[in-house]
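Note that the protein sequences, when read in sequence, are chains A and B. If you're matching positions, the first sequence starts at 94 in my numbering and goes up one per residue. If you're matching positions, the second sequence starts at 252 in my numbering and goes up one per residue. Idealized CB from N, CA, C, for every residue including glycine. Treat the numbers as computed from the prediction; the structure is a model and nothing was measured. Everything below concerns the one structure shown next.
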Amino acid sequence: GQQLNQSPQSMFIQEGEDVSMNCTSSSIFNTWLWYKQDPGEGPVLLIALYKAGELTSNGRLTAQFGITRKDSFLNISASIPSDVGIYFCAGGSSNTGKLIFGQGTTLQVKP
Amino acid sequence: GAVVSQHPSWVICKSGTSVKIECRSLDFQATTMFWYRQFPKQSLMLMATSNEGSKATYEQGVEKDKFLINHASLTLSTLTVTSAHPEDSSFYICRAGGGLTGELFFGEGSRLTVL
């Protein structure tokens with residue numbers, strides 16, 4: 094199936110550091126979403142982006158919808174241990190209603 | 252609390268048996284439900300899209316006769332893995348909603364282990 098290119102694949106950082114991850118695609122999406130998934134659970138929505146160029150924050154999280162509509166990034170500032178998990182980007186198409194997921198970024202935070 | 256509930260959370264079965272997984276929207280009507288499969292340490296892969304009252308649309312490479320999807324009501328969709336084999340062992344997650352927005356919620360997931 095189709096996938097987005099998400100990077101980095103994994104990160105191991107010190108508590109308090111900032112984190113950045115991104116997704117790129119060869120296809121245009123109408124919506125970009127960022128999720129966090131804990132082991133054995135379903136993904137939980139962090140930020141939803143609906144407009145090209147849109148920059149949205151949710152607490153320490155900031156995400157942007159790329160101007161070309163083919164990319165998005167997520168930043169986490171001042172990381173804390175509970176930020177540990179797998180982060181997924183997802184691109185959405187209004188034509189099909191489907192979400193296509195990136196491969197995920199595994200984040201580990203050292204206290 | 253969860254607005255989309257899946258049952259069972261986990262199931263272990265013998266090879267050759269069929270397993271049914273339910274996805275319920277608890278406080279809203281879900282005209283569309285999406286079923287995903289996630290192998291360990293991998294991303295979510297869309298299997299099929301089900302619309303209430305009509306046949307499901309399967310993604311390329313997903314066997315419709317093996318993964319039976321029924322969306323008989325606006326609050327319930329079921330995924331039945333028929334004649335399950337060990338390679339079907341995976342985490343199955345549904346996503347329910349009435350349109351394309353980030354507010355579409357995922358279920359908690361169902362982990363299937365086929366011995």
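What does the Cβ neighbour count give for residue 334 of chain B, buried or exposed, with the cut at 16 atoms within 10 Å? exposed
If we define contact as Cβ-Cβ less than 9 Å, is residue 304 of chain B a contact residue for chain A? no
Establish whether the CB of residue 148 of chain A and some CB of chain B are separated by less than 9 Å. no
Give a yes or no on whether the minimum CB-CB distance between residue 275 of chain B and chain A is below 9 Å. no
Could you check the C-alpha separation between residue 366 of chain B and residue 260 of chain B for me, to the nearest Å? 17 Å
Distance, Cα to Cα, residue 267 of chain B vs residue 129 of chain A? 34 Å
Could you compute how far the alpha carbon of residue 328 of chain B sits from the alpha carbon of residue 109 of chain A? 43 Å
Please say whether residue 99 of chain A and residue 197 of chain A have beta carbons closer to each other than 9 Å? yes
Coil, strand or helix - residue 353 of chain B by DSSP: Bear in mind that the predicted position of residue 353 of chain B carries a pLDDT of just 44, short of 50, making it too unreliable to give a figure here.
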